[in-house]
Every structure is written in structure tokens, then in C-alpha cells.
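J.: Quick note on numbering: my numbering labels position 296 of the sequence shown as 296, and the sequence is numbered without any gaps.
Idealized CB from N, CA, C, for every residue including glycine.
There's a structure below that I have some questions on.
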Amino acid sequence: MSLLTELTAQGLDFLSSLFIFMVGFIIFIIVLIFISDISQTKDAIRRNYPVIGRFRYLFSTLGEFFRQYFFAMDREEMPFNRAEREWVNKSSRNIDNTMAFGSTKNLSPAGTPLFINCPFPTLDEHATSAPTVLIGPYCHEPYEAASVINISGMSYGALSKPAVRALSKGAKLAGCWMNTGEGGLSEHHLEGGCDIVMQIGTAKYGVRTDDGKLDDDKLREIAKLPQVKMFEIKMSQGAKPGKGGILPGAKVTPEIAKIRGIEAGKDSISPNRHPEISNISELLDFIKHVREVTGKPTGFKAVMGSDGWLKKMCEEIQKCGTECAPDFITIDSCDGGTGAAPMPLMDDVGLPIKESLPMVVDILSQYGLRKRIRIIASGKLITPSGVAWALCSGADFITSARGFMFSLGCIQALKCNKNTCPTGITTHDKGLQKGLNIEEKAVRVKNFAEKIHYGIGLISHSCGVKHPRELSRHHCRIVQSDGKSKSLDVLYPQPEVLEKYK
Ligand SMILES: Cc1cc2nc3c(=O)[nH]c(=O)nc-3n(C[C@H](O)[C@H](O)[C@H](O)COP(=O)(O)O)c2cc1C
1 MSLLTELTAQ
11 GLDFLSSLFI
21 FMVGFIIFII
31 VLIFISDISQ
41 TKDAIRRNYP
51 VIGRFRYLFS
61 TLGEFFRQYF
71 FAMDREEMPF
81 NRAEREWVNK
91 SSRNIDNTMA
101 FGSTKNLSPA
111 GTPLFINCPF
121 PTLDEHATSA
131 PTVLIGPYCH
141 EPYEAASVIN
151 ISGMSYGALS
161 KPAVRALSKG
171 AKLAGCWMNT
181 GEGGLSEHHL
191 EGGCDIVMQI
201 GTAKYGVRTD
211 DGKLDDDKLR
221 EIAKLPQVKM
231 FEIKMSQGAK
241 PGKGGILPGA
251 KVTPEIAKIR
261 GIEAGKDSIS
271 PNRHPEISNI
281 SELLDFIKHV
291 REVTGKPTGF
301 KAVMGSDGWL
311 KKMCEEIQKC
321 GTECAPDFIT
331 IDSCDGGTGA
341 APMPLMDDVG
351 LPIKESLPMV
361 VDILSQYGLR
371 KRIRIIASGK
381 LITPSGVAWA
391 LCSGADFITS
401 ARGFMFSLGC
411 IQALKCNKNT
421 CPTGITTHDK
431 GLQKGLNIEE
441 KAVRVKNFAE
451 KIHYGIGLIS
461 HSCGVKHPRE
471 LSRHHCRIVQ
481 SDGKSKSLDV
491 LYPQPEVLEK
501 YK
């Protein structure tokens with residue numbers, strides 16, 4: 001026998017022994033799993049269907065990933081469907097996002113907005129861009145804001161460093177503001193040179209004393225920065241009304257701990273409300289205090305539940321003079337996003353923006369405060385139609401968190417509460433952050449904001465007005481449960497200013 005034949009025979013011999021060993025080993029493992037499954041008492045499926053029952057868990061985990069690629073229809077996923085995500089994705093990449101053949105959107109469900117086109121649309125040469133809006137006329141330094149769409153609060157902590165840096169640079173390119181979220185102000189927010197809205201969360205991260213109270217000196221220092229334009233007191237956010245921020249210990253890096261003024265590696269949990277704000281007069285006092293210390297417009301963010309307290313607040317404002325009003329109110333939808341929240345709050349508490357925005361606008365109008373208090377709306381307003389609806393309903397500005405996350409490349413993996421975001425947006429894992437190119441994503445942030453402005457411009461001109469801020473309730477109809485639509489100004493007629501506030 002030649003040497004080659006001998007080596008081949010030995011090789012085959014080894015491979016067949018290896019194969020028999022592997023088969024034996026696999027059978028051995030299956031037997032072990034079988035014994036473990038039938039002898040355990042915690043899981044009925046595994047006890048009744050040993051070994052095979054485990055595939056259920058494997059498939060449901062894999063289903064989470066594959067559904068969006070293979071099975072889900074364009075318009076059926078939550079919180080955002082593929083059509084919406086693709087619109088943001090294409091817009092931010094600046095690639096053609098026109099569509100062919102016809103709309104895939106089902107226009108029958110109740111609540112669908114339809115914009116009322118005019119027989120004589122605005123000629124392109126007569127169209128203008130949306131004018132700026134002044135916020136905080138009684139402040140030492142009012143803020144004249146230009147962009148209709150802006151970046152909603154997301155803390156450095158919930159977001160990664162490259163994500164914050166890309167948003168900061170992108171906001172500067174887009175000419176919009178960026179809200180810090182409740183995690184305090186970092187050098188990364190300032191890096192791009194954009195306008196900043198500093199959020200004061202219930203734990204006062206970044207402006208807190210050691211025992212969690214507001215530190216006026218730190219607040220004053222931050223207010224001195226020309227980039228910081230406004231202060232937003234966070235009362236509540238849509239995804240978790242009545243619960244404070246939750247940042248898992250894995251995401252509390254030493255740097256984040258330093259910015260927030262807390263201990264690294266430990267869960268960062270904020271109180272479920274500002275301890276010093278337990279009623280309307282304390283809220284107005286707190287706003288007044290922050291405005292006096294900072295000299296800049298100060299307002300609050302809340303998700304609406306009942307409306308009685310807002311009416312009482314307006315009455316108190318009328319008693320103490322309109323100067324004492326918040327300069328803006330940010331109304332968040334109950335279906336807003338978050339880094340982490342308990343399901344009962346996320347799913348079931350608070351009002352959606354569709355209901356709360358017209359409600360707040362009307363209350364402020366009745367009390368003669370509509371022009372004094374600017375309204376910022378947020379909650380799944382990530383396409384021109386959502387933004388245009390909000391403008392028709394009476395919002396002055398729209399902010400978006402997840403829209404801008406999509407522009408950074410978010411794939412809705414729903415992992416923001418872990419440290420494992422596959423796109424590097426909400427993780428502090430350096431390996432995962434590598435994929436997020438700051439300069440390139442900053443341009444995408446700008447493109448997304450531009451495409452929103454372009455889209456709301458198209459809707460406005462089709463409705464016969466010169467710019468998006470001229471949109472009003474009669475430009476939008478809402479599909480009802482019987483399939484017919486009703487005008488927004490019939491559903492929410494413009495209220496009269498109450499006699500004593502005229
Ligand atoms: C990752 C993440 C972090 C957030 N962090 C904050 C925060 O610190 N403070 C806050 O008021 N809202 C926070 N939010 C809520 C958003 O600011 C916004 O109100 C909400 O997501 C609705 O806007 P959207 O539908 O465009 O995302 C966060 C949302 C996300 C997705």
C-alpha cells in the first residue's frame with residue numbers, strides 16, 4: 001500500500017471515529033437534558049414535552065428578530081411599523097423616498113388624519129419657510145426658536161456617547177435644539193454647538209446637591225453657557241407617568257456617574273416626582289425660581305391625565321400675572337418611548353397625544369394664555385403627516401426622540417434597557433459603539449429634520465397655506481369609527497376666551 005492510501009485510510013478512520021463520538025456525545029447531552037426537563041418542576045412545557053419543549057423558547061426569541069424581516073406587513077408592527085421606519089431611514093440617508101403605484105396605508109381606521117387639499121394650492125414661488133417663534137418674552141434672555149422639529153429629551157446614559165455626539169452635531173447642522181434628557185448636561189451635548197434645552201429631572205442630575213436638592217450655583221453655571229437656551233422641568237414622561245428615570249447599573253459608567261453626581265455601577269433611579277413640587281403653587285414657584293436663577297425660558301414636560309389641574313394652574317397664573325406662567329409646556333404622549341419602564345405604566349397610563357394636545361391647547365385658549373405659553377408636542381410624530389397634524393391641532397413645536405434614533409440607524413431591536421443595543425445607540429459597550437460613525441450620522445440627523453420640514457411644507461402648500469405654521473384645525477379631518485371623516489375644528493371647536501380673562 002502506498003503512503004498516500006495509508007494516510008487516507010487513517011484519516012477516514014479518524015473521521016468516522018469522530019463522527020461516532022459526536023453522535024454519542026449529542027445523544028448523551030439529549031439524555032441529560034431529557035432527565036433535567038422531566039425532573040424539574042418549574043416549567044410545565046419542559047416537563048410535559050422534554051427536550052422538544054425547549055424549541056418554543058428558541059423560536060420565540062428568534063421570532064423577535066425575524067418577524068420584522070420576513071413576516072410582518074409594512075404597516076403592522078409596533079411601536080413603529082416598517083413603512084414609518086423606512087421613511088425615516090431613506091430620508092436620513094437622503095435617498096429617494098417617493099413611492100410607486102399607490103399608498104399602502106389603510107385610511108379607514110378611526111383616528112386617521114386626512115389633510116384637506118385646496119383647489120388652488122400655494123404656488124412654489126409664494127411658499128415661505130416657517131417663521132421663528134419667541135419663547136419666554138419676560139425672561140432676561142428669551143429664545144427665538146426656528147425649527148419646527150427638535151430633538152426630544154434622551155439622557156446621556158440612556159444614549160451612548162457617540163449617539164449624543166452625533167445628535168449634537170446633527171442638531172447644529174439642522175438648526176434645531178437638542179434636549180439633554182434628565183441625565184444632566186455633558187461636554188458631548190455641547191460638542192456640536194447646537195442649541196440646548198437642559199432638562200431638570202426629578203433627581204436633578206447635573207444640578208443637584210449631595211442630598212438631591214436643586215443646587216442654584218450649578219444651575220447658574222450651566223445657564224451661563226450661551227448654547228443652553230431653555231430649562232425644562234420634567235414632571236412626567238409618557239412611557240412612565242408617576243415613575244422616575246431608571247438607568248440600569250451596567251449603563252452607569254464612571255463618567256456618567258460623575259455628570260449625574262451619583263455612584264458608578266449602581267442602578268440610577270430618580271424619585272417618582274420632584275419632592276418639592278406637590279401642588280400647583282409649588283410648581284409655579286419652582287418655575288419662577290429656575291427662571292430667576294437662569295434668566296432663561298423655563299417650562300415643564302408632562303403627560304396629560306386629567307385636565308382639572310391644568311385649569312387650576314391657569315387660574316393661578318391669571319391671579320399672579322401672566323409673567324409667572326411657564327414659558328412652555330411639553331406634552332408627551334402616553335405611548336412615548338423610554339430607555340426602561342414598567343409595562344403597566346408604558347401600556348396603560350396617561351392620554352395619547354391625539355387627545356391631550358387639542359385638550360391643552362383649548363384650555364390655554366380659554367384662559368387667554370395660548371400665546372403666552374408655547375406648546376411643544378411629542379409622541380410618535382416621526383413623519384410629516386404626524387407633525388402636520390400636531391401643527392393643525394395647535395402645537396408650536398414638535399419634538400421627537402425615536403425619530404432621531406431611527407435617523408442614527410436604530411433598528412427597533414427593543415434593547416434600550418439592556419447594554420446590548422446592536423446599533424451602538426443605547427449601549428456603553430465600546431465594541432457595539434464602533435458601528436456608529438459620528439460624522440456620517442450627524443448628516444443623517446440633519447437630513448431627517450430637513451425632510452420633515454420639506455414634507456410638512458408639501459402638506460401646507462397642498463392645503464393652500466404659505467408655510468406650516470399657518471396650518472390650522474380646518475385643514476385636517478379625522479376618520480371616525482363609521483368610516484366618515486370629521487374636521488378637527490368640528491371635533492375641537494375653537495373655544496371662546498372666558499369672560500373674565502378677555
Ligand atoms: C432612549 C430614550 C430615552 C429617553 N429619556 C428621556 C429623558 O431622559 N427624559 C424625558 O423627559 N424623556 C425621555 N424619553 C422620552 C422622549 O423624550 C419622548 O418624550 C418620547 O419618546 C416621545 O417621543 P417619540 O415618540 O418621538 O420617541 C426618552 C426616550 C427614549 C427612547
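Is there at least one non-hydrogen atom of ligand 1 closer than 7 Å to the beta-carbon of residue 235?
T.: No, the Cβ of residue 235 stays beyond 7 Å of every heavy atom of ligand 1.
J.: Output the boundary residues of the alpha helix (DSSP H) element that contains residue 170.
T.: Per DSSP, residue 170 belongs to the alpha helix (DSSP H) from 161 to 174.
J.: Sort 424, 330 and 457 by Cα distance to residue 127 and report the nearest one.
T.: The shortest C-alpha separation from residue 127 is found at 457.
J.: Identify which residue in 216, 492, 434 and 404 has its Cα closest to the Cα of residue 169.
T.: The residue with the shortest Cα to Cα distance from residue 169 is 404.
J.: Any contact of the segment 418 to 437 with the segment 175 to 184, i.e. 3+ C-beta pairs under 8 Å?
T.: No, because fewer than three Cβ pairs between the segment 418 to 437 and the segment 175 to 184 fall closer than 8 Å, the two stretches do not touch.
J.: Put residue 362 into one of helix, strand or coil per three-state DSSP.
T.: Note: residue 362 maps to helix in three-state DSSP.
J.: Go to residue 433, then tell me how far its beta strand (DSSP E) extends in each direction, as first and last residue.
T.: Note, residue 433: premise wrong, no beta strand (DSSP E); alpha helix (DSSP H) at 430 to 433.
J.: At a threshold of 7 Å, does residue 382 count as lining ligand 1 (C-beta to nearest heavy atom)?
T.: Flag set: Cβ of residue 382 near ligand 1.
J.: Out of 350, 445, 441 and 356, which has the shortest C-alpha to C-alpha gap to residue 382?
T.: Of the candidates 350, 445, 441 and 356, the one whose C-alpha sits nearest the C-alpha of residue 382 is 445.
J.: Let me know if residue 407 comes out buried or exposed under the rule of 16 or more other beta-carbons within 10 Å of its beta-carbon.
T.: Flag for residue 407 reads buried.
J.: According to the neighbour-count rule (16 or more other Cβ atoms, all chains shown, within 10 Å of its Cβ), is residue 99 buried or exposed?
T.: Its Cβ having fewer than 16 others within 10 Å, residue 99 is exposed.
J.: For residue 179, which residues from the same chain have a beta carbon less than 7 Å from its beta carbon, with the 5 sequence-adjacent residues on both sides left out?
T.: 151, 152, 153, 197, 199, 232 and 399, listed in sequence order.
J.: Quick one: does the C-beta of residue 84 sit closer than 7 Å to a heavy atom of ligand 2?
T.: Absence of ligand 2 is noted for the structure shown, with ligand 1 being the only ligands found.
J.: Please give me, in chain order, every unbroken run of the alpha helix (DSSP H) with length at least 4 that falls completely inside the segment 408 to 483.
T.: Here the runs fully enclosed are 430 to 433 and 438 to 462.
J.: Taking only three categories from DSSP, how would you classify residue 8?
T.: Helix at residue 8.
J.: For residue 48, is the classification buried or exposed, using 16 other Cβ atoms within 10 angstroms of its Cβ as the cut-off for buried?
T.: That one is exposed.
J.: In whole angstroms, what is the alpha-carbon distance linking residue 437 and residue 220?
T.: Distance between the alpha carbons of residue 437 and residue 220 is about 34 Å.
J.: Which residues mark the beginning and the end of the alpha helix (DSSP H) in which residue 85 is found?
T.: Segment 82 to 93, the alpha helix (DSSP H) holding residue 85.
J.: Please find out if some non-hydrogen atom of ligand 1 comes closer than 7 Å to the beta-carbon of residue 355.
T.: No - ligand 1 has no heavy atom lying nearer than 7 Å to the Cβ of residue 355.
J.: Within 10 angstroms of its Cβ, does residue 447 collect 16 or more other Cβ (buried), or is it exposed?
T.: Counting Cβ neighbours within 10 Å, residue 447 comes out buried, since at least 16 surround it.
J.: Near residue 452, which residues of its chain fall below 7 Å by C-beta distance, leaving aside the five closest residues on each side in sequence?
T.: 149, 384 and 387, listed in sequence order.
J.: How big is the Cα-Cα spacing for residue 63 and residue 56?
T.: For residue 63 and residue 56, the distance between alpha carbons rounds to 10 Å.
J.: Are any of the Cβ atoms in chain D nearer than 8 Å to that of residue 256?
T.: As a matter of chain content, chain D is missing from the structure shown, which is built from one protein chain.
J.: Taking all protein chains shown into account, do 16 or more other C-beta atoms lie within 10 angstroms of the C-beta of residue 570, making it buried, or fewer, making it exposed?
T.: Shown here, the chain extends from 1 to 502; a query on residue 570 therefore has no answer.
J.: Please name the residue in 340, 496, 333 and 161 whose C-alpha comes closest to that of residue 269.
T.: Ranking the options by Cα distance to residue 269, first place goes to 340.
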